[in-house]
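Q:
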Ligand SMILES: Cc1cc2nc3c(=O)[nH]c(=O)nc-3n(C[C@H](O)[C@H](O)[C@H](O)COP(=O)(O)OP(=O)(O)OC[C@H]3O[C@@H](n4cnc5c(N)ncnc54)[C@H](O)[C@@H]3O)c2cc1C
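Numbering (my numbering), first residue to last: -15 to 584.
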């Protein structure tokens, strides 16, 4: 007898799984999963971003959601074939729910589901107008006093926020707010973005002079418009700023620059926010139904309190406000911190002729950029990946299909390879006194990013300067106090300084809610970011998704959006669909709203 092809096996399996779901036979559906199993759902069943781990959690979720979701039509996605590798059969899948079309990925082991990803692709009847349904643009035919595109745009800009209220207000017009607004525009959700900077892109432009993206171009595309083929691998910050400004314009966003949100409050009865913004010196009150804080996870500077800060005669800056080295040639600079910003800033200061010392209190994970690109990213985000047919959408979904609970298991071997490949480099760094780590479970950079958003440097050259002593290093020691003209360390060393830079990172995004809404609401929604991995700066209990990001929070109609360019691109899709569904009055019962265990 001929062996069945992987596609035949998956098709037969999906028929069985789909029939169980259609029949409402939860036990039969649960029995399609192996004992060690994961179902990550992005909005289709749960109206939430939620990973169910093990059969019991899957059973509970189905009990709560299946009757309403009414999933049908499970099949291998159009034009795709299943593949088998190392005992795992993998396939892209499509399905429908009562109100949406879904897309996902299934992995079978021994004929049962090991991992399942289900994502909402579009809401039926509210599809984006693209491809065959793209707008005509020109208005063929004729009619008196017809308005042009430009006139209609001008009318919209004059009305929205004045005589007509936006459904969604996004506070913060960095890449996060911009990507989300672009998606909402395609879904016809009236939206305003308010941004306190003068120009879109300024949140990048205003960072230190030497900054280039640490992630490569294939990872950084915005929704709808990819970077062109000649775009540099690591874009300089001002170039990204210009791209965002262009994007904001061509995507027809209602983007209010030079506008600061001052305060916001929610009327539980009217189900409406009142948000006071200041634009051109005038206060305007907006009344959106949904409020998104896209104010940046790297926006709320951690400014440490250190004895003597009022005594120190030199300058003090946080890394986010450090302008770059130009003013500091020949000056003595002490940089507190040893992660990405600290390294970038120290290297630029050294290049600019400053005498710079880095103070490292605790260990840092370092990975060389080339090595990270080759070993960590190339399978999904690289020119080779593009050549082999990998699209950004597929890469994002493959990444999303690996459950957070076991993601570190996929990462550890990669970082083992990196450590081996660059062993001489690491030995030299340690010889220079630099304290290294690989994450608590040796799972490296991505896990540190997802868990705590800090604790690493992607080396693009500064490490050589640490190794050869050009950047002076004081490691394993904390700051005691600032004196009149320097930084006194706890081991008694006095570092003379004209400038002290705190490269001490950023606070949780719910701090923005405290500033704009109230401490009470900030505490109610709790800490943003992290998985609950019970590792440093990511306390348990296990949450299994990034806390509060892109999904419903404990405060009705309040959302958080942000993260790196990849996350902004990918998760803006699910946040936009959640907002669109609410605007259309579609019932969106949230399963498993996250509990709050930490205030920030
Ligand atoms: C040094 C550094 C390097 C980074 N490198 C990379 C990288 O290589 N690749 C990558 O993907 N990510 C990188 N990141 C992380 C992340 O992508 C960036 O921080 C990015 O700017 C986040 O975009 P955002 O839109 O979420 O937030 P931001 O860009 O911080 O935008 C938030 C905006 O909100 C505005 N705002 C805040 N409060 C108000 C208010 N009350 N009213 C109106 N507007 C307000 C701010 O002015 C700001 O423009 C880096 C971050 C830093 C700090």
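Glycine included, every Cβ here is placed at the ideal spot set by N, Cα and C.
I'd like to check one pair, residue 449 with residue 331: are the Cβ atoms closer than 7 Å?
A: In contact: residue 331 and residue 449 (Cβ atoms closer than 7 Å).
Q: For residue -15, is the classification buried or exposed, using 16 other Cβ atoms within 10 angstroms of its Cβ as the cut-off for buried?
A: With a pLDDT of 48 at residue -15, under the threshold of 50, the modelled position of this residue cannot be trusted; read the value that follows with caution. Per the 10 Å Cβ criterion, exposed.
Q: If you run the structure through DSSP and keep just helix, strand and coil, what is residue 278?
A: Coil at residue 278, not helix or strand.
Q: Tell me which residue opens and which closes the beta strand (DSSP E) that residue 458 is part of.
A: It spans 456 to 459 - the beta strand (DSSP E) in which residue 458 sits, taken as one unbroken run.
Q: Return the CA-CA distance between residue 581 and residue 327, expressed in angstroms with no decimal places.
A: So the alpha carbons of these two residues sit roughly 33 Å apart.
Q: If you draw a straight line from the alpha carbon of residue 141 to that of residue 124, how long is it in whole angstroms?
A: If you take the alpha carbons of residue 141 and residue 124, they lie about 25 Å apart.
Q: According to DSSP, simplified to helix, strand and coil, what is residue -15?
A: In this prediction, residue -15 has a pLDDT of 48, which is less than 50 and means its spatial position is unreliable; what the coordinates show is noted afterwards. Coil, per DSSP.
Q: Taking residue -12 as the reference, which of 66, 342, 371, 154 has the closest Cα?
A: With distances taken between Cα atoms, residue -12 lies closest to 66.
Q: Excluding the 5 residues flanking residue 467 on each side, which residues of the same chain have their C-beta closer than 8 Å to its C-beta?
A: Result list for residue 467: 292, 295, 296, 478, in chain order.
Q: Please list the segments of the alpha helix (DSSP H) lying wholly inside the region 234 to 290, counting only runs of 4 or more residues, in order along the chain.
A: Segments of the alpha helix (DSSP H) lying fully in the region 234 to 290: there are none.
Q: Would you say the beta carbon of residue 505 is closer than 6 Å to some non-hydrogen atom of ligand 1?
A: Answer for residue 505: no, Cβ out of range of ligand 1.
Q: Could you tell me if the beta carbon of residue 178 falls within a distance shorter than 6 Å of some heavy atom in ligand 1?
A: True, at least one ligand heavy atom lies under 6 Å from that Cβ.
Q: Might you give, ordered along the chain, the residues of its own chain that have their beta carbon closer than 6 Å to the beta carbon of residue 23, omitting 5 neighbours on each side?
A: The answer, listed in chain order, is 36, 42, 100.
Q: Under three-state DSSP, which class holds residue 334?
A: Of the three classes helix, strand and coil, the one that applies to residue 334 here is helix, per DSSP.
Q: What is the C-beta distance between residue 156 and residue 184, in whole angstroms, given that I count them as a contact (C-beta under 8 Å)?
A: Going by Cβ atoms, the distance from residue 156 to residue 184 rounds to 11 Å, so no, they are not a contact pair.
Q: Looking at residue 349: is its Cβ nearer than 7 Å to the Cβ of residue 421?
A: It is a contact, given that the beta carbons lie within the stated cut-off.
Q: To which residues does DSSP link residue 585 through a beta bridge?
A: Look at the range of the chain in this structure, -15 to 584, and you will see that residue 585 is not part of it.
Q: Once you ignore the five residues that flank residue -4 on each side, which residues in its own chain have a CB closer than 8 Å to its CB?
A: These residues qualify, in order along the chain: -12.
Q: Would you mind giving the Cβ-Cβ distance between residue 561 and residue 543, rounded to the nearest angstrom? I have them listed as a contact below 8 Å.
A: That belief does not hold up - the Cβ atoms of residue 561 and residue 543 are roughly 12 Å apart, past 8 Å.
Q: In or out: residue 234 buried (at least 16 other Cβ within 10 Å) or exposed?
A: Label assigned to residue 234: exposed.
Q: Compute the minimum distance between the beta carbon of residue 549 and the heavy atoms of ligand 1, and state whether it is under 6 Å.
A: Answer for residue 549: yes, Cβ within range of ligand 1.
Q: Please classify residue 585: is it buried, with 16 or more other beta-carbons within 10 angstroms of its beta-carbon, or exposed?
A: Given a span of -15 to 584 for the chain in the structure shown, any question on residue 585 remains unanswerable.
Q: Just tell me which of 502, 545, 353, 215 has its CA closest to the CA of residue 159.
A: Considering only alpha carbons, the answer is 545.
Q: What is the DSSP secondary structure of residue 60, counted as helix, strand or coil?
A: Residue 60: strand per DSSP, three-state reduction.
Q: Hey, residue 28 and residue 74: beta-carbon distance below 7 Å or not?
A: No.
Q: State the DSSP-derived secondary structure class of residue 106, mapped to helix, strand or coil.
A: In the structure shown, residue 106 sits in a strand (DSSP, three-state: E or B).
Q: Below 8 Å CB to CB, which residues in the same chain sit around residue 401 once its five sequence neighbours on both sides are set aside?
A: Cβ neighbours of residue 401 beyond the five flanking positions: 359.
Q: Thinking just about the alpha-carbon of each residue, which of 265, 354, 168 is nearest to the one in residue 238?
A: Ranking the options by Cα distance to residue 238, first place goes to 168.
Q: Do you know whose CA, among 151, 264, 285, 303, lies nearest residue 255's CA?
A: The shortest Cα separation from residue 255 among 151, 264, 285, 303 belongs to 151.
Q: CB residue 451 to CB residue 487, shorter than 7 Å?
A: No, the Cβ-Cβ distance between residue 451 and residue 487 is not below 7 Å.
Q: May I ask which residues mark the beginning and end of the alpha helix (DSSP H) holding residue 557?
A: That run of the alpha helix (DSSP H) goes 549 to 567.
Q: Residues in its own chain within less than 8 Å of residue 299 by CB, not counting five upstream and five downstream?
A: Excluding sequence neighbours, residue 299 sits near 482, 483, 484.
Q: Please classify residue 153: does DSSP put it in a helix, a strand, or coil?
A: Correct three-state label for residue 153: strand.
Q: Specify, as a first and last residue, the run of the beta strand (DSSP E) that residue 87 falls within.
A: Residue 87 -> beta strand (DSSP E) spans 84 to 93.
Q: Tell me which residues share the same chain as residue 475 and place their Cβ nearer than 6 Å to its Cβ, disregarding the 5 neighbours each side in the sequence.
A: Cβ within range, chain order: 461.
Q: Would you mind reading off the limits of the beta strand (DSSP E) that contains residue 543?
A: Residue 543 -> beta strand (DSSP E) spans 542 to 544.
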